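Numbering follows numbering that gives the first Met the number 0, with no gaps: position 110 of the sequence shown is 109.
Remarks on the structure that follows.
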Amino acid sequence: MADTKSRPLAPAPPGANAALDAQQRRKNVGTACAACKTRKLKCTGSVPCANCVKSKVECTLDRSADKRRRGALKRKIDQLADQEDLLVRLVSVLRESGNRRAVPLINLIRSDASLDEIRYYINHQLPRLDLAQTPELVEVCQEVKQLQPSESRSMRRILDAKRLSDIPRFQVPARPWTTVVSDNDFVSHLISLWFTWSHPFRNWIDKDLFVRDMQAGSLSARFCSPFLVNIILAEGCAYSDYPEAYARLGDAASKGARFYEEAKRLLDKEEGRITLPTVQGLGGGFHRGQLAYAIQELSQKNSVLASDADEDTLRMVRVINGTVWGLFNVATSHALADKSRPLIKPPQRHSLPLVSHEGDSDEWRPYPDHAEGTEGHSVCLFSALCGLSLIAHDVATFFHREAPSRPRAETESKVADLYERLRLCSDRWPTCLKTKLEAPHILSLQYV
């Protein structure tokens, strides 16, 4: 058999291998550009694609339209990574920045602001110098633009460790008592602040009955009303640094203004009707002339109630008695501060509250701090203030009345008499008011 020789192959035409490689490397793309979709051409998936380059048209590719599971998952992972990175950077900036620029930014975040509002604040409200000193904020601002404002309020508050650890002493609902806010925690926060820092020294509300009725949420309650609640919330804002306490963010003078306006609206709806919560609400600092008339009406009502001896009526009589004395104390202190005659006369039909130190086990805690509590001695303090206010009323009446100049001897005699009454009054205070000075309201009594 004769040997056969391999027939030499002709060389491949130029470019054949490249075309074969390109065909082997061709991959399916998840989505085509807008131009290829319109013309129903096969798109290469790149930007610009080959068809758009050849046709010299604009190539627009929406990668989010790729519905393949792998692509969607990758985009979701990238989005979560971006958000996590932004959160870490924002926390770092707030931690390392001074209070002058960090506090307003934190307050804005706490106020349930959208990401657009936060971005606007960073762009327009922060001083240019601060932005120059903190380039991180500029970068954060750029990344905020890429996020959607879909985070919930609870997630936005995650930066505020202090707020997360806040446990109000009294848990009460926002509705139906106020329309200003719907946050039960914030309303509970303000109520707890007011009963901690204002009520012990300016006591004209039965705390237990008020909280009981507010928790019940019934508008027919006898010891709570929307008007009274909004007055208390307005005053409670003075002790809060939460952004919701401000009517205008950063303006301390606007604290409580929204609740105050709500209270005025509710008072107008009362149309002169006198109820216990209405009278108590009038003691919140405005309409003092109306307060004097309301107390007179309430006192007359109390004298009628006293003739009935059932348990509920006796409770109401006791509460009204405390209200009249408490408002008398407040009105008298206002008269001394304003150098004017008192608008409210000393209670005539109401007995002076008795000092009942026995069993006075009420505890005072410096909310919102998580510190140890101390004995409040609220009954002892209230009785002492009532006795002191009787003397203060005579002081204001004598020195601020419109009368011709009196002889010097008469003035000196009156001053000596008032001084002696003050000395005897303080001597009769129980020991707890002289030695137990941990609570601020008891300490304040020593400087009245």
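All C-beta atoms, glycine included, are put in the ideal place defined by N, C-alpha and C.
Owing to the predicted nature of the structure, the values given are computational and were not obtained by experimental measurement.
If you drop the 5 nearest sequence neighbours on each side, which residues of the same chain put their C-beta closer than 6 angstroms to that of residue i?
i	result
Asn-183	Pro-172 and Ala-173
Lys-41	none
Ala-256	Ala-246
Pro-103	Gly-249
Leu-227	Pro-276, Gln-279 and Gly-280
Asp-416	none
Count the other CB atoms within 10 Å of the CB of residue i; is the residue buried (16 or more) or exposed (fewer)?
i	result
Pro-175	exposed
Gln-279	buried
Ser-153	Here Ser-153 scores only 42 on pLDDT, less than 50, and its place in the model should not be relied on; the value that follows carries that caveat. Under this definition Ser-153 is an exposed residue.
Glu-270	exposed
Gly-372	exposed
Tyr-245	buried
Ile-497	The chain is shown only over 0 to 447; residue 497 falls outside these bounds and no answer can be derived.
Asp-205	buried
Pro-367	buried
Gly-235	buried
Leu-384	buried
Ser-45	exposed
Leu-423	exposed
Pro-313	The identity of residue 313 in the sequence shown is Leu, whereas the question assumes Pro. Burial call: exposed.
Ile-441	buried
Leu-432	buried
Ser-404	exposed
Tyr-241	buried
Arg-38	exposed
Ser-113	exposed
His-392	buried
Leu-218	exposed
Thr-43	buried
Does the separation of the CB atoms of residue i and residue j fall below 8 angstroms?
i	j	result
Trp-428	Gly-321	no
Trp-363	Ala-291	no
Glu-261	Thr-331	no
Ile-273	Ala-252	no
Ser-377	Pro-199	yes
Cys-32	Thr-59	yes
Ser-181	Phe-169	no
Phe-258	Ala-233	yes
Leu-265	Pro-225	yes
Phe-185	Glu-243	yes
Val-452	Pro-346	The question about residue 452 has no answer, for the chain in this structure spans 0 to 447.
Ser-191	Pro-167	yes
Glu-374	Lys-413	no
Asp-456	Thr-30	Nothing can be reported for residue 456, as the shown portion of the chain is limited to 0 through 447.
From the DSSP output, in three-state form, read off residue i for me.
i	result
Tyr-245	strand
Ala-36	According to the sequence shown, residue 36 is Lys rather than Ala. Lys-36: helix per DSSP, three-state reduction.
Lys-435	coil
Lys-254	strand
Ser-412	helix
Phe-200	coil
Leu-313	helix
Ser-298	helix
Thr-30	coil
Ser-187	helix
Ile-441	helix
Gln-170	coil
Trp-324	helix
Arg-427	coil
Pro-225	helix
Thr-178	coil
Pro-47	coil
Could you pull out every residue in the same chain whose Cβ sits closer than 7 angstroms to the Cβ of residue i, ignoring the five residues on either side in sequence?
i	result
Ala-237	Lys-254 and Gly-255
Cys-223	Phe-209, Asp-212, Met-213 and Pro-276
Ala-131	Low per-residue confidence applies at Ala-131: pLDDT is 48, beneath 50, and the placement is therefore not dependable, though the value from the model is reported in the following sentence. Correct list: empty, nothing qualifies.
Gln-289	Leu-281
Ser-425	none
Leu-421	Ile-390
Thr-396	Arg-340 and Pro-341
Please list, in chain order, all residues of the same chain as residue i whose beta carbon is under 8 angstroms from its beta carbon, the five residues on each side excluded.
i	result
Ser-443	Phe-200
Arg-400	Arg-340
Glu-409	none
Val-394	Leu-335 and Leu-417
Ala-370	Arg-364
Gly-325	Arg-201, Asn-202, Trp-203, Ile-204, Gly-282 and Phe-381
Answer with yes or no whether the minimum CB distance from residue i to chain C is below 8 angstroms.
i	result
Ser-164	In the displayed structure, chain C is absent; only one protein chain is listed.
*Mind listing, in chain order, the continuous alpha helix (DSSP H) runs of no fewer than 4 residues lying wholly within the segment 256-284?*
As summarised for the segment 256-284, the continuous alpha helix (DSSP H) elements at least 4 residues long and confined to that stretch are 256-269 and 275-281, given in chain order.
_4 or more residues per run - each alpha helix (DSSP H) lying fully within the segment 329-403_ = Those alpha helix (DSSP H) runs which fall completely within the segment 329-403 and span 4+ residues are 377-398.
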